[in-house]
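Below is one structure; the comments refer to it alone.
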Amino acid sequence: MPITDLLEKNRKLYGNDIALVEINPQLTEEQRVTWKEYELIQPTSNTFYRRQITWTVFDEKANRVANMLIDRGILPGQKCAILLMNCLEWLPIYFGILKAGAIAVPLNFRFTADEIEYCLDASDTDVLFYGPEFIGRIEDIAYKIKQSTLL
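Counting with my numbering, you get residues 1 to 151 for the letters of the sequence shown.
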């Protein structure tokens with residue numbers, strides 16, 4: 001059974017259950033208080049920033065990625081690189097690539113611009129998914145890589 005079938009099976013069996021959780025201790029949820037309330041607040045521990053998605057949402061996002069790749073002409077067997085931090089979006093993109101029949105090429109988020117360029121060239125990548133944290137590195141090498149590669 002392909003791993004993408006497991007995602008669809010989990011969607012059917014556990015649709016509204018939580019599938020993925022992202023907790024970022026670096027960020028805290030914003031609490032808005034007025035100046036009048038400020039003095040009344042007892043210091044408490046910070047709650048960490050938390051995002052989560054259900055199996056249904058996970059599968060829908062993966063399907064959107066797969067459909068976008070197919071609409072852009074990505075054929076089964078073509079390569080799609082992922083350059084993201086460890087975040088909630090990573091797995092739906094990965095599964096979307098697999099659902100489209102393409103090959104996922106995960107890249108280490110610690111790579112320098114030159115290492116990213118080398119890996120894209122060595123793997124003959126057709127598409128690159130990247131997060132906003134990597135805009136600077138991608139801009140440094142954008143002129144060296146196929147423009148159709150960037151998403």
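Note that beta-carbon positions come from the ideal geometry of N, C-alpha and C, so glycine has one too.
Taking 7 Å as the cut-off, is the C-beta of F134 nearer than that to any heavy atom in the ligand ZN?
No copy of the ligand ZN occurs in the structure displayed, which carries no ligand at all.
Can you look up L83 in the DSSP assignment and give me helix, strand or coil?
strand
If we require 4 or more residues per run, which alpha helix (DSSP H) segments fall completely within the stretch 90-136?
90-99, 113-123
Assuming contact is defined by CB atoms lying nearer than 8 Å, are K61 and D124 in contact in what I supplied?
no
Measure the CB-CB distance between L83 and W90 and report whether it falls below 8 Å.
no
Could you pull the start and end residues of the alpha helix (DSSP H) that N63 belongs to?
55-71
Considering only the beta carbon of each residue, do E117 and I135 sit closer than 8 Å?
no
Taking buried to mean at least 16 other C-beta atoms within 10 Å of its own C-beta, is K12 buried or exposed?
exposed
Which same chain residues end up closer than 6 Å to I96 when comparing Cβ atoms and leaving out the 5 residues on each side of it in sequence?
As written in the sequence, residue 96 is Gly, which differs from the Ile given in the question. Here the set comprises A62, V65, A66.
If F129 and P92 are in contact, beta carbons under 8 Å, what's the gap, nearest whole angstrom?
Going by Cβ atoms, the distance from F129 to P92 rounds to 11 Å, so no, they are not a contact pair.
Count the other CB atoms within 10 Å of the CB of Y14; is the residue buried (16 or more) or exposed (fewer)?
exposed
Could you round the C-beta distance between A100 and W55 to whole angstroms and report it? I think they count as a contact, below 8 Å.
At roughly 20 Å, the Cβ-Cβ gap does not stay under 8 Å, so A100 and W55 are not in contact.
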